[in-house]
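Enquirer:
2 protein chains.
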Amino acid sequence: MRTADGLSVRQEKILRYIEEFFSKHGYWPAIRDIQSDLKISSTSVVAYNLKALQDKGKINRQGKVSRGITLPTSMSPTLIGPTHRVPLLGTITAGQPLPDPEQVDLASAEKVEVPQDLASADKLKGVYALKVRGQSMIDALIDDGDIVLVRRQETANNGDMVAAMLVEENSVTLKKFYQEGSRIRLQPANRTMQPIYTTSENVRIQGRVVGVLRSLF
Amino acid sequence: MRTADGLSVRQEKILRYIEEFFSKHGYWPAIRDIQSDLKISSTSVVAYNLKALQDKGKINRQGKVSRGITLPTSMSPTLIGPTHRVPLLGTITAGQPLPDPEQVDLASAEKVEVPQDLASADKLKGVYALKVRGQSMIDALIDDGDIVLVRRQETANNGDMVAAMLVEENSVTLKKFYQEGSRIRLQPANRTMQPIYTTSENVRIQGRVVGVLRSLF
DNA sequence: ATAGCTGGCAAACACTTGTGCTGTCAAGTG
DNA sequence: CACTTGACAGCACAAGTGTTTGCCAGCTAT
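First to last, the protein sequences are chains A and B.
If you read the first sequence in the numbering used here, its first letter stands for residue 783, the second for the next number, and so on.
If you read the second sequence in the numbering used here, its first letter stands for residue 783, the second for the next number, and so on.
1. Give the single residue among A/850, A/935, A/975 whose Cα lies nearest to the Cα of residue 988 of chain A.
2. Would you mind reading off the limits of the beta strand (DSSP E) that contains residue 976 of chain B?
3. What residues in its chain sit with their C-beta under 6 Å from that of residue 931 of chain B, if we drop five residues either side in the sequence?
4. Compare the C-beta of residue 809 of chain A with all C-beta atoms of chain B and state if any pair is closer than 8 Å.
5. Using the rule of at least 16 other Cβ atoms within 10 Å of the residue's Cβ for burial, across every protein chain shown, is residue 914 of chain B buried or exposed?
6. If contact means a Cβ-Cβ distance below 8 Å, which residues of the region 835-852 of chain A contact chain B?
7. Does the separation of the CB atoms of residue 961 of chain B and residue 940 of chain B fall below 8 Å?
8. Looking at C-alpha atoms only, which residue of A/953, A/956, A/981 is the closest neighbour of residue 965 of chain A?
9. Starting from the Cα of residue 798 of chain B, find the closest Cα among B/827, B/852, B/944 and give me that residue.
10. Could you round the C-beta distance between residue 990 of chain A and residue 933 of chain A to whole angstroms and report it? I think they count as a contact, below 8 Å.
11. Would you call residue 809 of chain B buried or exposed, if buried means 16 or more other Cβ atoms sit within 10 Å of its Cβ?
12. Quick one: what's got a C-beta closer than 8 Å to residue 926 of chain B's C-beta in the same chain, skipping five residues either side?
13. Can you find the residues in the same chain that come closer than 7 Å, C-beta to C-beta, to residue 984 of chain A, ignoring five residues on each side of it along the sequence?
14. Which value, in whole angstroms, describes the spacing of the CA atoms of residue 832 of chain A and residue 974 of chain A?
15. With a 10 Å radius around its C-beta and 16 neighbouring C-beta atoms as the bar for buried, classify residue 928 of chain B as buried or exposed.
16. Quick one: is residue 942 of chain A buried, meaning 16 or more other Cβ sit within 10 Å of its Cβ, or exposed?
17. When we look at the beta-carbon of residue 996 of chain A and count the other beta-carbons within 10 Å, is it buried (16 or more) or exposed?
18. I'd like to check one pair, residue 919 of chain A with residue 834 of chain A: are the Cβ atoms closer than 8 Å?
19. Terminal residues of the continuous beta strand (DSSP E) containing residue 957 of chain A?
20. Under 8 Å, do residue 841 of chain B and residue 825 of chain B count as touching if we go by C-beta distance?
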């Protein structure tokens with residue numbers, strides 16, 4: 783079985799692993815790193831596939847040099863140090879169901895780079911990204927197409943901007959959270975839109991918005 | 783003899799060498815690389831100085847790992863290739879002068895990482911970052927503390943959000959640009975604030991806003 | 001079938017590379 | 001002067017790592 787690039791499944795995995803390893807450690811993996819983490823039985827298998835990857839131009843190698851695997855610049859996201867990346871889990875709208883973050887394979891999800899200036903690595907634990915559809919949060923300075931960073935948490939304070947799941951409707955939406963006695967008000971940040979009132983049983987907080995990225999290109 | 787950083791001459795050289803080696807090869811040098819290229823007589827001398835550098839926080843090391851020297855991200859301004867970083871030139875407000883981008887030493891300026899998802903490397907040519915002070919652009923979804931990415935350009939179309947310099951006032955401000963006959967209207971995106979009317983001679987466009995980053999942490 | 005590929009496995013081998021001594025030497029320091 | 005400390009040398013060991021060599025199983029085209 784082959785992927786679109788003409789790479790075998792294993793090669794694809796190795797390629798991803800190399801990229802991730804560098805992001806995490808800041809230096810390149812040794813053959814044995816790849817072998818053990820990917821649970822490949824022998825170093826020679828890795829060597830074999832590395833050669834294949836090299837032939838296909840997916841990686842560069844310096845013969846005989848330890849940890850001399852590098853990615854062509856076009857492929858390497860950020861060649862400097864450990865970068866901060868969070869999984870982009872999908873799109874959040876005012877009515878679409880969103881895959882439950884708990885159940886998504888985080889390793890395979892698309893990643894979004896997060897500027898270091900926005901957050902240090904330890905603050906990004908449990909943070910994922912969602913692309914925003916719709917303008918329900920326009921007054922909170924979040925527009926259609928923006929990417930929001932959401933930190934997973936199950937509770938929220940009044941006024942927090944949260945990704946909340948409505949259990950009955952089986953949908954997830956981006957709103958401001960207000961507990962008003964026994965009921966919950968989910969308030970869009972848009973004057974033209976009405977809040978949602980519901981019971982606390984029907985609401986499951988998925989996370990709180992902690993950052994926003996927007997491209998105007 | 784010591785340099786300003788409290789590093790010995792040799793340590794300074796080693797540090798430079800590591801940086802240069804990485805930009806050249808894409809992977810980190812081994813102790814023996816440093817030794818031979820810097821014509822140091824023994825590997826232990828290199829090890830000795832590396833330890834000193836580590837103690838001073840100038841490098842990170844991964845014990846026992848080949849080529850496991852890395853530079854802290856804060857130290858490596860632009861190590862290699864398209865790293866998607868733009869200089870952070872300062873703060874833009876509604877009245878403060880801003881250093882002229884042309885004349886700032888870009889190499890030495892603070893850098894902001896730009897997520898790949900916001901822009902590819904070639905789109906970032908001539909782009910710099912500014913931290914926003916004040917809420918004059920609140921209706922354009924830009925708040926106090928946000929970082930805006932600005933692409934240098936001298937002209938603008940109506941409705942573009944630009945960093946504009948008012949020559950007489952010698953100040954730079956973030957506004958929406960409208961040419962109205964022979965006069966220029968610089969419109970804050972904030973209902974409570976008044977536009978600035980001036981002549982086209984008095985306005986020098988410095989760049990157009992192409993992206994926004996915001997941290998809610 | 002038979003030969004020729006591809007992908008995988010295991011073990012051994014040899015080079016690469018970090019580390020750990022053991023010294024030397026000059027410049028303090030009491 | 002004896003003692004300490006910083007900086008440097010030389011060398012050898014022990015990991016860390018890439019490479020090589022055989023061997024095997026499943027396919028595919030001849």
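Even for Gly, the Cβ is constructed at its ideal location relative to N, Cα and C.
As the structure is a computational prediction, the values presented were derived from the model and not from experiment.
Expert: The answer reads as follows:
1. For the residues A/850, A/935, A/975, the minimum Cα distance to residue 988 of chain A belongs to A/935.
2. No beta strand (DSSP E) holds residue 976 of chain B; DSSP gives it neither H nor E.
3. 909, 911, 992, 993
4. yes
5. buried
6. 842, 844, 847, 848, 849, 850, 851, 852
7. yes
8. With distances taken between Cα atoms, residue 965 of chain A lies closest to A/981.
9. B/852
10. 5 Å
11. buried
12. 914, 915, 916, 917
13. The residues are 948, 949, 950.
14. Their backbone Cα atoms lie some 57 Å apart in a straight line.
15. buried
16. Buried is the call here.
17. Label assigned to residue 996 of chain A: buried.
18. no
19. Where residue 957 of chain A is concerned, the enclosing beta strand (DSSP E) starts and stops at 953-962.
20. no
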